[in-house]
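Position 284 (the sequence shown) corresponds to 284 in the working numbering; numbering is contiguous. Where a beta carbon is used, it is the ideal one built from N, C-alpha and C, also for glycine. Because the structure is a prediction, the values reported are computed rather than measured. Remarks on the structure that follows.
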Amino acid sequence: MPKTPLEYESIIRKLLLGQKLDGALLALRANSRTLKPFVAAGVGLFCVRFCRPLNSSDGPSLQMGQRAFEQLARVVEGYLLADPLSFDTETIGRYRTTAANPVFVLLRHFGNQASYGSYSLHHCPRSLILFGECPQRIAGIRNVPRFDFAARFFESNGATIEDFVAACSVAVSSAASNAHLGFHLGYFENARKNYGMALPEQKTVRTILKNISADATEFNRVYEREKRRDRMFAAYDHNPIFRFPLIRPWKTGPFWSRMLAPLPELVAMRAGMGIYHQMRRDYPNFTNYFGHLFEDYVGIVLDESRHPQMQIMSEREIRKAYPIEQGKCPDWIVLEGNTAILFECKATNFRPDALATGQEEAINGSLHQVKKGLIQLHEFITACKSKHPLLEPFWGCTKFHPVIVTFETLHLINSGWFREHIDGLISDATGEPFPWHIIEIEQMERFQPQARAGQSFERLFDAMNQRFSNDVMKEIEKETGVGIRQSFLWKREVEILRGLGANDEIISQLGEASEDDSG
Numbered sequence: 001m002p003k004t005p006l007e008y009e010s011i012i013r014k015l016l017l018g019q020k021l022d023g024a025l026l027a028l029r030a031n032s033r034t035l036k037p038f039v040a041a042g043v044g045l046f047c048v049r050f051c052r053p054l055n056s057s058d059g060p061s062l063q064m065g066q067r068a069f070e071q072l073a074r075v076v077e078g079y080l081l082a083d084p085l086s087f088d089t090e091t092i093g094r095y096r097t098t099a100a101n102p103v104f105v106l107l108r109h110f111g112n113q114a115s116y117g118s119y120s121l122h123h124c125p126r127s128l129i130l131f132g133e134c135p136q137r138i139a140g141i142r143n144v145p146r147f148d149f150a151a152r153f154f155e156s157n158g159a160t161i162e163d164f165v166a167a168c169s170v171a172v173s174s175a176a177s178n179a180h181l182g183f184h185l186g187y188f189e190n191a192r193k194n195y196g197m198a199l200p201e202q203k204t205v206r207t208i209l210k211n212i213s214a215d216a217t218e219f220n221r222v223y224e225r226e227k228r229r230d231r232m233f234a235a236y237d238h239n240p241i242f243r244f245p246l247i248r249p250w251k252t253g254p255f256w257s258r259m260l261a262p263l264p265e266l267v268a269m270r271a272g273m274g275i276y277h278q279m280r281r282d283y284p285n286f287t288n289y290f291g292h293l294f295e296d297y298v299g300i301v302l303d304e305s306r307h308p309q310m311q312i313m314s315e316r317e318i319r320k321a322y323p324i325e326q327g328k329c330p331d332w333i334v335l336e337g338n339t340a341i342l343f344e345c346k347a348t349n350f351r352p353d354a355l356a357t358g359q360e361e362a363i364n365g366s367l368h369q370v371k372k373g374l375i376q377l378h379e380f381i382t383a384c385k386s387k388h389p390l391l392e393p394f395w396g397c398t399k400f401h402p403v404i405v406t407f408e409t410l411h412l413i414n415s416g417w418f419r420e421h422i423d424g425l426i427s428d429a430t431g432e433p434f435p436w437h438i439i440e441i442e443q444m445e446r447f448q449p450q451a452r453a454g455q456s457f458e459r460l461f462d463a464m465n466q467r468f469s470n471d472v473m474k475e476i477e478k479e480t481g482v483g484i485r486q487s488f489l490w491k492r493e494v495e496i497l498r499g500l501g502a503n504d505e506i507i508s509q510l511g512e513a514s515e516d517d518s519g
């Protein structure tokens with residue numbers, strides 16, 4: 001049994017000794033459906049780090065032997081599941097002085113694994129709205145910082161957001177195909193000429209693919225730059241596979257454009273969440289601007305959720321009667337009878353050090369925006385309940401649901417232990433604990449067709465007080481018979497696919513697959 005992360009890495013290095021990168025990645029791709037996503041991603045990382053790099057004169061290799069690959073996967077899984085604190089008694093003592101809440105320990109394990117399993121068919125259509133339409137919708141609005149998203153995106157990617165999403169949509173399909181375990185640039189030329197796909201010109205496709213793929217040298221350079229300084233937590237290093245979901249075994253030569261995807265789903269994520277992270281890296285002033293984009297997008301989702309008994313009010317509408325000097329105000333309010341659901345939008349996530357160490361200080365730093373948002377919502381609810389003269393539309397509300405909407409997943413955030421911790425963080429400002437919810441945008445998108453069909457947000461959040469959100473969603477979907485294919489994002493996905501030349505059979509198959517994934 002290895003005693004340190006370095007001992008694990010030494011064993012993995014030996015297992016990959018002499019293996020060529022393309023042969024190892026072929027074996028990974030062939031076995032990816034039988035592996036847990038976080039294990040497949042970990043195997044991919046070690047293959048790129050330790051396999052023999054390919055020269056321009058090297059031809060394609062044979063696939064790595066099945067028994068050898070299975071042994072490799074077992075060791076990598078053991079490495080990723082081992083608690084780093086079990087390796088070192090000094091670290092255990094230092095850590096236990098700061099980890100007072102058991103959920104912090106669970107967060108380290110769960111967060112490191114669940115990040116690879118968040119796949120949604122909606123990444124591409126969401127990006128077309130969020131990054132294609134919302135910048136135009138908020139242009140010129142007061143207090144929105146100036147940021148030319150279209151120009152800056154083209155500057156970073158050499159393509160428009162529309163061309164980027166189109167190329168990624170085809171790359172997802174190519175990467176996931178079981179007919180071939182890898183593909184190359186010529187696949188797109190063939191799709192354009194022989195199948196009539198309306199793809200960007202080949203030069204643009206090449207630029208896009210180079211941005212979302214990496215050879216071993218580039219992949220490892222990013223890994224070395226971003227790996228954790230404390231090597232006791234090496235298993236929680238950031239995996240560049242999120243930035244480069246496509247791996248190119250050759251850097252130059254006749255096979256340079258051949259690429260494989262250890263996890264094809266991450267290609268779709270790269271066209272969704274990946275755009276946000278890329279723009280945040282490239283432009284420090286993007287983060288503040290994105291907050292306004294995200295708020296506008298949440299408004300679009302709410303508007304698409306509208307049913308006859310629902311009234312939606314934006315912060316700008318409320319501010320006409322309730323100016324900023326009077327107090328805080330939610331981004332959006334949904335009125336359902338005498339119930340008010342207050343939505344505050346926060347593009348926040350757990351910091352890498354919080355997910356790696358689970359230390360309370362790092363977690364509290366990650367929760368700063370959540371804490372701020374909940375206090376703002378509590379202040380507004382208090383003003384409504386006290387019958388503030390400028391908030392008369394809400395005097396008749398007898399029930400309030402304060403909700404933080406996040407762009408990314410805050411793992412375990414609605415668990416009992418985490419709720420107790422957050423209640424403690426906000427208690428000085430709010431007094432006694434008050435009921436609140438934190439929901440990621442993907443859950444809002446999933447509930448959208450249910451709301452459109454007449455299901456209330458009140459029912460959703462009341463049920464989420466007792467059970468996990470995914471269980472609640474599945475119960476409502478089963479009861480109503482309404483699912484992803486009734487969502488507004490699925491309609492946008494169909495538009496993308498039809499624009500690329502997909503026929504009804506392909507679209508139907510993707511719809512069935514997306515409903516299976518949502519469950």
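The three-state reading of DSSP puts C345 in strand, counting E and B together.
Boundaries of the beta strand (DSSP E) harbouring W332: 332-336, taken from the DSSP string. Around the beta carbon of H123, 16 or more other beta carbons sit within 10 angstroms, so the residue counts as buried. By the Cβ criterion, the segment 227-236 is not in contact with the segment 248-260, since fewer than three pairs of Cβ atoms, one from each stretch, lie closer than 8 angstroms. The count of Cβ pairs closer than 8 angstroms, one atom from the segment 329-338 and one from the segment 450-467, reaches three, so the stretches are in contact.
About 3 angstroms separates the beta carbons of S56 and G253, which is inside the 8 angstroms limit, making them a contact pair. When only Cα atoms are considered, G23 and M64 end up about 5 angstroms apart. Your pair I318 and R270 does not check out as a contact, with CB atoms roughly 37 angstroms apart and the cut at 8 angstroms.
In the displayed model, H368 falls within a helix according to three-state DSSP.
Per the coordinates, the alpha-carbon of E440 lies some 46 angstroms from the alpha-carbon of D58. Two segments are said to touch when three or more pairs of C-beta atoms, one from each, lie closer than 8 angstroms; by this definition the segment 371-383 does not touch the segment 124-136. Counting the other CB atoms within 10 Å of its CB gives P308 a total below 16, which places it among the exposed residues. The alpha carbon of I247 has as its nearest neighbour, out of E7, C47, E408, the alpha carbon of C47. Straight-line measurement puts the Cα of V43 at about 34 angstroms from the Cα of V370. In this model, F394 and K387 are separated by some 8 angstroms (Cα to Cα). Y297 counts as buried, since no fewer than 16 other beta carbons sit within 10 angstroms of its beta carbon.
Between W250 and L62, the C-beta spacing is not below 8 angstroms. A150 is not a Cβ neighbour of I496, given a cutoff of 8 angstroms. As for any beta strand (DSSP E) of minimum length 3 sitting wholly inside the segment 283-327, the runs are 310-314, ordered along the chain. When C-beta atoms of the segment 358-367 are compared with those of the segment 104-117, three or more pairs fall below 8 angstroms, so the two segments count as touching. Contact check between the segment 397-411 and the segment 427-444: three or more CB pairs, one atom from each, fall below 8 angstroms, which counts as touching. For H401, the uninterrupted beta strand (DSSP E) run begins and ends at 399-406, by DSSP. DSSP, reduced to helix, strand and coil, places S487 outside both helices and strands of the structure shown, so it counts as coil. Annotation for D353: the continuous alpha helix (DSSP H) segment containing it runs 352-357.
DSSP, read as helix, strand or coil, puts I247 in strand. Between F380 and K328, the C-beta spacing is below 8 angstroms.
One Cα belongs to L81, the other to L45, and the distance between them is close to 16 angstroms.
In the three-state reduction of the DSSP assignment, R258 falls in the coil class. Spatial neighbours of G272 in its own chain (CB-CB distance under 8 angstroms, excluding positions within 5 residues in sequence) are listed in chain order as S120, H122, H123, C124, R126, S127. Short of 6 angstroms from the beta carbon of S156, and not among the five residues preceding or following it, lie these beta carbons of its own chain, in chain order: D282. Under the three-state reduction of DSSP, D215 is assigned to strand. Inter-segment contact for the segment 206-222 and the segment 280-294 is absent: fewer than three beta-carbon pairs are separated by less than 8 angstroms. DSSP, read as helix, strand or coil, puts T339 in strand. Here the alpha carbons of G424 and L35 stand approximately 39 angstroms from one another.
The three-state secondary structure of R229, taken from DSSP, is coil. Beta-carbon to beta-carbon, V170 and L199 are separated by about 7 angstroms, close enough to satisfy the 8 angstroms threshold.
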